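Just below is one structure, and these are the notes that go with it.
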Amino acid sequence: MHNNIIVDICNEAILKAGMDTTISSLEENSNLAELCNRLFDASLRELYSEHPWAFRKVKMQADLQETANPNVYAYPDEALRILGFYRDAGCQVPEKLARVTSNKIGETKIVSPYMPLFLEVIVTNTDNDTLQPWLRRCLVALLAHKIAVAKGKGGTDLLQEYQMWLDRAQENNAREDSPTYINDDRYINCR
Numbered sequence: 042m043h044n045n046i047i048v049d050i051c052n053e054a055i056l057k058a059g060m061d062t063t064i065s066s067l068e069e070n071s072n073l074a075e076l077c078n079r080l081f082d083a084s085l086r087e088l089y090s091e092h093p094w095a096f097r098k099v100k101m102q103a104d105l106q107e108t109a110n111p112n113v114y115a116y117p118d119e120a121l122r123i124l125g126f127y128r129d130a131g132c133q134v135p136e137k138l139a140r141v142t143s144n145k146i147g148e149t150k151i152v153s154p155y156m157p158l159f160l161e162v163i164v165t166n167t168d169n170d171t172l173q174p175w176l177r178r179c180l181v182a183l184l185a186h187k188i189a190v191a192k193g194k195g196g197t198d199l200l201q202e203y204q205m206w207l208d209r210a211q212e213n214n215a216r217e218d219s220p221t222y223i224n225d226d227r228y229i230n231c232r
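Position in the sequence shown (first residue = 1) + 41 = the working numbering.
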């Protein structure tokens, strides 16, 4: 996401949180810029992991690290959340024995008796890194809530606004992610 878009979102959130000033850059030497730098990425990741957004879903093959029983796969660096494990590249045959675990040194791994293993994940970055207007409203409300709380201004109403926009965003996402059905009208047309 471009830096000027991030600054615009931060300024909307700052004003919504009840602050009188805004920022001109994330690099400026101000308390608000530092706060936005600290809160923006975490808020965006939280928003993206709230729901399986259609534009953030990716299907990929898991990276095999160790052949054993069970096989050990790397947890994808770009994954916010794994939605499912599959035995086929089309992600049609679920793999019910795969699970996420940690190794002895605390690294998150995936284990499965099957090889290869395919994943459906929500990722942080995609080729299309735009932010839909309905999702932007969610992010502004969430960031405003966090700024208000950090500045000691409460923020319960902002959290409720975030939830309202999140519900609307999930409805919009469901329409974008719904399967397309093609009706075969040959029977009707021949009558």
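Ideal Cβ placement from N, Cα and C applies to all residues, glycine included.
Quick caveat: nothing in here was measured; it's all calculated off a predicted structure.
Notebook entry, point to check: Can you list, in chain order, the residues of its chain whose CB lies under 7 Å from that of Arg-177, leaving out five sequence neighbours each side?
Noted result: Taken in chain order, the residues that qualify are Ile-50.
Margin query: Check whether the stretch 151-164 and the stretch 103-115 touch, using three or more Cβ-Cβ pairs below 8 Å as the test.
Written below: The stretch 151-164 is in contact with the stretch 103-115.
Margin query: With distance defined between alpha-carbon atoms, name the residue in Asp-104, Lys-137, Val-190 nearest to Asp-118.
Written below: The shortest C-alpha separation from Asp-118 is found at Asp-104.
Margin query: Quick check on the DSSP output: what are the complete beta strand (DSSP E) runs of length 3 or more inside the stretch 55-118, in order along the chain?
Written below: Within the stretch 55-118, the complete beta strand (DSSP E) segments at least 3 residues long are 98-102, 105-107, 112-115, listed from N- to C-terminus.
Next item on the list: Determine the closest residue to Lys-191 out of Asn-44, Leu-76, Leu-67, with distance taken between C-alpha atoms.
Entry: It is worth fixing the name first, because residue 191 is Ala in this sequence and not Lys. Distance from the Cα of Ala-191 is smallest, within the candidate group Asn-44, Leu-76, Leu-67, for Leu-76.
Check: In three-state terms, what does DSSP make of Ile-123?
Finding: DSSP places Ile-123 in strand when its eight states are reduced to three.
Margin query: Report the start-end ranges of each alpha helix (DSSP H) in the stretch 173-208 that is 4 residues or longer and not cut off at the edges.
Written below: List check, alpha helix (DSSP H) in window: 174-191.
Item checked: Inter-residue Cα distance where the pair is Ala-115 and Arg-209 -> Taking C-alpha positions only, Ala-115 is separated from Arg-209 by approximately 35 Å.
Next item on the list: From the DSSP output, read off the bridge partner residues of Glu-161.
Entry: Note: Glu-161 sits in a beta bridge opposite Lys-100, Gly-125.
Item checked: Ala-74 versus His-43 - alpha carbon distance -> If you take the alpha carbons of Ala-74 and His-43, they lie about 16 Å apart.
Item checked: Ile-151 (DSSP reduced to helix, strand or coil) -> Note: Ile-151 maps to strand in three-state DSSP.
Item checked: Residue closest to Leu-124, alpha-carbon to alpha-carbon, out of Leu-199, Val-162, Met-101 -> Nearest C-alpha to Leu-124 among Leu-199, Val-162, Met-101: Val-162.
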